[in-house]
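Enquirer: Sharing a structure with you now.
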Amino acid sequence: MKRVSSLLLLFIFAIQACSGAADPGAGPAESPATEQAMVPDSGSAASPTPEIVHKVIPGDLPADRVNHAGDQDSSVMADKHRPPSGDRFTFGQFERPFNSNTMDVYYANIDIQDVTVYEDGTFFYGSLIFKSLEAGAKTGSYALEFDLDLDGHGDVLVIAVQPELTDWTVNGVQVWFDGNNDVGGEKILRADEKSFAGDGFETKIFDSGTGNDPDTAWVRISPDDPNTIQLAVKLSLFNDDTTYMVGVWEGNESLNPATFDLND
């Protein structure tokens, strides 16, 4: 099995997509916002950096949630070097916001307290509340894993690395697909007895605004709560699937899409 370090998986829960009109007081904003990487002047002519033009930017989260779940507060048992419950490695359930092996260092910035999800007709939103982002704050990786056909294999992985801004941004956000359906190994949702030689999420389709749609996925620190990270993912990515499952991941080390599922 792969070694897991400073990593935590919250939970997986089913989502039934909403139908009908979106909340008129919320939703994405259409805007000609642009982003462009700055390149130092080397004194010689160079090809200009392509400008990323955003047409649809997430807005405020809708008033009505689609689903919600709470999680363990591992800080209450940090002095015991273990979580209160919820950690079942064999079944892919991780509650370990600690350093590896000794588990004598507790990381509040990856200890999820609560997750709420929303939809507005254009975006899926995940709002993740942590014990504290102030201590080690924006050094982690935060991800949403989507199972679109409810077969136990993850299909889409959205990763945000080191979010820092309270405005929506695509910087540091990647989207990966599993084209050969090998995420989860031979035993779905359980650890394989032998190391599984799969390639996890092998196809990157979005990276900080580059891809077929520059508005595919976004991240921000909540402007209303410094301990909340919010991700937005375009629903068009789900191929019209109206029911799907969502898993939440975070870690102080880089989440490598090729190593999913981590307990195989």
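Residue numbers are given in the working numbering: position 89 of the sequence shown equals residue 567, and the series is strictly consecutive. The beta-carbon is built from N, C-alpha and C at its ideal position, and this holds for glycine as well. Everything numeric in this text was worked out from a predicted model, so none of it was measured.
(1) Could you give the DSSP three-state label for residue 619: helix, strand or coil?
(2) Roughly how many whole angstroms lie between the Cα atoms of residue 635 and residue 657?
(3) Could you tell me the boundaries of the beta strand (DSSP E) in which residue 592 lies?
(4) Are the region 534–549 and the region 580–596 in contact at 8 Å, needing three or more beta carbon pairs?
(5) With H, G and I counted as helix, E and B as strand and the rest as coil, what does DSSP make of residue 736?
(6) Determine whether the beta carbon atoms of residue 711 and residue 608 lie at a separation below 7 Å.
(7) How would you call residue 621, buried or exposed, if buried means at least 16 neighbouring beta carbons within 10 angstroms?
(8) By the 10 Å Cβ neighbour count, where 16 or more other Cβ atoms means buried, how is residue 645 classified, buried or exposed?
(9) Look at the alpha carbon of residue 588 and the alpha carbon of residue 581, and state the distance between them as a whole number of angstroms.
(10) Taking the continuous beta strand (DSSP E) assigned at residue 655, which residues delimit it?
(11) Count the other CB atoms, across all protein chains shown, that sit within 10 Å of the CB of residue 583; report buried if there are 16 or more and exposed otherwise.
(12) Leaving out five residues before and five after residue 600 in sequence, what residues of the same chain have Cβ atoms less than 6 Å from its Cβ?
(13) Taking Cβ to Cβ, would you say residue 630 is nearer than 7 Å to residue 638?
(14) Would residue 620 pass as an interface residue toward chain D - the criterion being a Cβ-Cβ separation below 7 Å?
(15) Report the rounded CA-to-CA distance for residue 627 versus residue 719, giving the unit in angstroms.
(16) Give the DSSP-derived three-state secondary structure of residue 659 in the structure shown.
(17) What do you reckon, are the CB atoms on residue 648 and residue 687 nearer than 7 Å?
(18) Between 643, 735 and 531, which lies nearest to residue 703 when the distance is taken from Cα to Cα?
(19) How many Å lie between residue 709 and residue 579 at the Cα?
(20) Per DSSP, what kind of secondary structure is residue 686 in: helix, strand or coil?
(21) Please go through the same chain and pick out, in chain order, the residues whose beta-carbon is closer than 6 Å to the beta-carbon of residue 510, but skip the five residues on each side of it.
(22) Judging by CA-CA distance, which residue of 632, 737 and 697 is the nearest neighbour of residue 716?
(23) State yes or no: is the C-beta of residue 641 within less than 7 Å of the C-beta of residue 697?
(24) Evaluate residue 541 with the Cβ neighbour count: other Cβ atoms within 10 Å of its Cβ, from every protein chain shown; 16 or more gives buried, anything less gives exposed.
(25) Can you tell me whether DSSP reads residue 714 as helix, strand or coil?
(26) Using DSSP bridges, identify the partner residues of residue 546.
(27) Give every residue of the same chain whose Cβ lies closer than 6 Å to the Cβ of residue 536, excluding the five residues on either side of it in the sequence, and list them in chain order.
Expert: According to the structure data:
(1) As a working note, residue 619 is residue 141 in the sequence shown. In the three-state reduction of the DSSP assignment, residue 619 falls in the strand class.
(2) Within the sequence shown, residue 635 is the residue found at index 157, counting from 1. Within the sequence shown, residue 657 is the residue found at index 179, counting from 1. Cα to Cα, residue 635 sits roughly 12 Å from residue 657.
(3) The residue given as residue 592 occupies position 114 in the sequence shown. Counting along the chain, the beta strand (DSSP E) containing residue 592 begins and ends at 590–597.
(4) Judged by Cβ distances under 8 Å, the region 534–549 makes contact with the region 580–596, as three or more pairs qualify.
(5) The count along the sequence shown starts at 1 and reaches residue 736 at position 258. If DSSP states are grouped into helix, strand and coil, residue 736 belongs with the helices.
(6) Taking the first residue of the sequence shown as position 1, residue 711 is located at position 233. Taking the first residue of the sequence shown as position 1, residue 608 is located at position 130. Pairing residue 711 with residue 608 gives a Cβ-Cβ distance that is not under 7 Å.
(7) The residue you call residue 621 lines up with position 143 of the sequence shown. Residue 621 sits buried, since 16 or more C-beta atoms from the chains shown fall within 10 Å of its C-beta.
(8) As a first step, residue 645 must be located in the sequence shown, where it is residue number 167. Exposed is the call here.
(9) Your numbering for residue 588 matches position 110 in the sequence shown. Your numbering for residue 581 matches position 103 in the sequence shown. Going from the Cα of residue 588 to the Cα of residue 581 covers about 14 Å.
(10) What you label residue 655 is simply residue 177 of the sequence shown in a count that begins at 1. First-last of the beta strand (DSSP E) with residue 655: 651–655.
(11) The sequence position of residue 583 within the sequence shown is 105, counting from 1. By the neighbour-count criterion, in which a residue is buried when 16 or more other Cβ atoms sit within 10 angstroms of its Cβ, residue 583 is exposed.
(12) Position 122 of the sequence shown holds residue 600. So the qualifying residues of the chain are 506.
(13) On the sequence shown, position 152 is the one that residue 630 refers to. On the sequence shown, position 160 is the one that residue 638 refers to. In this structure, residue 630 keeps its C-beta atom at 7 Å or more from the C-beta atom of residue 638.
(14) Within the model displayed, chain D is absent; a lone protein chain is all it includes.
(15) Numbered from 1 along the sequence shown, position 149 holds the residue referred to as residue 627. Numbered from 1 along the sequence shown, position 241 holds the residue referred to as residue 719. The alpha-carbon of residue 627 is positioned some 8 Å away from that of residue 719.
(16) As a working mapping, residue 659 is identified with position 181 in the sequence shown. Assigned with DSSP and collapsed to three states, residue 659 falls in coil, not helix or strand.
(17) Numbered from 1 along the sequence shown, position 170 holds the residue referred to as residue 648. Numbered from 1 along the sequence shown, position 209 holds the residue referred to as residue 687. Yes, these two residues count as a Cβ contact at 7 Å.
(18) In the sequence shown, the residue the question calls residue 703 occupies position 225. Among 643, 735 and 531, the Cα nearest to that of residue 703 is on 643.
(19) Taking the sequence shown and counting its residues from 1, the one referred to as residue 709 is at position 231. Taking the sequence shown and counting its residues from 1, the one referred to as residue 579 is at position 101. Cα to Cα, the separation comes out at about 30 Å.
(20) Within the sequence shown, residue 686 is the residue found at index 208, counting from 1. Residue 686 falls in the coil class under three-state DSSP.
(21) For this step, residue 510 is matched to residue 32 along the sequence shown. Confidence at residue 510 is low in this model, with a pLDDT of 47, below 50, so the placement of that residue should be treated as unreliable; the coordinate-derived value is given next. For residue 510, where only same-chain residues beyond five positions count, there are no Cβ hits under 6 Å.
(22) In the sequence shown, residue 716 corresponds to position 238, counting from 1. The shortest C-alpha separation from residue 716 is found at 632.
(23) On the sequence shown, position 163 is the one that residue 641 refers to. On the sequence shown, position 219 is the one that residue 697 refers to. For residue 641 and residue 697, yes; Cβs fall inside 7 Å.
(24) In the sequence shown, residue 541 corresponds to position 63, counting from 1. Exposed is the call here.
(25) Looking up residue 714 in the sequence shown gives position 236. Of the three classes helix, strand and coil, the one that applies to residue 714 here is helix, per DSSP.
(26) Within the sequence shown, numbered from 1, the residue matching residue 546 stands at position 68. Partner residues in the beta bridge of residue 546, as assigned by DSSP, are 594.
(27) By 1-based counting over the sequence shown, the position of residue 536 is 58. Closer than 6 Å at Cβ, skipping near neighbours: 506, 601, 646, 696 and 710.
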